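Report on the structure given below.
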Amino acid sequence: MKEIVEAIQSLSSVYEVLAKNTNLIFNALKTKDYKTKDSLEEQLQELYALKERAEIYLIHLVKEKANSLNLDDRRIEAILDIYPNGEEKMLVQYELEKMLSKIQQFQFYLKRNIEFAKSFIEVKGKELEFMFEAVQREQYQMNGPMLLNEDL
Numbered sequence: 002m003k004e005i006v007e008a009i010q011s012l013s014s015v016y017e018v019l020a021k022n023t024n025l026i027f028n029a030l031k032t033k034d035y036k037t038k039d040s041l042e043e044q045l046q047e048l049y050a051l052k053e054r055a056e057i058y059l060i061h062l063v064k065e066k067a068n069s070l071n072l073d074d075r076r077i078e079a080i081l082d083i084y085p086n087g088e089e090k091m092l093v094q095y096e097l098e099k100m101l102s103k104i105q106q107f108q109f110y111l112k113r114n115i116e117f118a119k120s121f122i123e124v125k126g127k128e129l130e131f132m133f134e135a136v137q138r139e140q141y142q143m144n145g146p147m148l149l150n151e152d153l
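My numbering puts the first residue of the sequence shown at 2, with every later residue one more than the last.
Set out below in structure tokens:
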């Protein structure tokens, strides 16, 4: 069980770094620091690969433990249901809860980034629509010469 606890802790720390990185990407987007955002996104790809390896390793350990206990159900919950050592069982449950909290934090930041990106796209779309209408007015010489806002 010690290996499983260590694998959970490892995966948990990857999710913690993913959450921090995702939050930094949001801050970079807010401040329009696209160079930092691009750098963070490159790091994010490496973190996803690390997360995948940690997940595969944890799954492998859980399956091995289930096999050694002759269980048909190869989920960690099934192992914990029959595992005799209460202290180790509680430690695994504690580490799982910590990991789930970090996963939820990561998911929160990720959803926030997606919503921010959606609103940014909508704003840009409206700006482009405004510019297109201004060009049309200019072409038809409606409302005088085309004036473009400096921000657009």
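Built from N, CA and C at the ideal position, the CB exists for glycine as well. A quick note: this is a predicted structure, and the numbers were derived from the prediction, not measured.
Closest residue to residue i among the options (Cα-Cα distance)
i	options	result
Y8	F117, L111, S120, I77	According to the sequence displayed, residue 8 carries Ala and not Tyr. Among F117, L111, S120, I77, the Cα nearest to that of A8 belongs to I77.
V18	L62, A79, A50	A50
K52	T32, A67, A20	A20
V63	Y84, K31, N28	Y84
S14	A67, E4, G87, L48	L48
N-terminal and C-terminal residue of the alpha helix (DSSP H) that residue i is part of
i	result
L51	35-69
T23	3-31
D82	77-83
Exposure label - residue i; buried when at least 16 CB within 10 Å
i	result
I57	exposed
Y16	buried
T23	buried
Y110	buried
L101	exposed
Residue i to residue j span [Cα, whole Å]
i	j	result
R54	K38	24 Å
I104	L12	10 Å
S69	R75	11 Å
K112	I60	26 Å
K99	I5	14 Å
Q94	G87	10 Å
D34	Q108	23 Å
Proximal residues to residue i (C-beta, below 6 Å), its chain only, five neighbours per side dropped
i	result
L72	A79
Q106	A20
Close beta carbons around residue i, own chain, < 7 Å, minus the five adjacent residues each side
i	result
E89	M2
Q10	E96
L81	K90, V93, Q94
Neighbourhood of residue i by C-beta, 8 Å cutoff - its chain only, sequence neighbours within 5 removed
i	result
I26	K38, L41, E42, L45, N114
F117	F27, L30, K31
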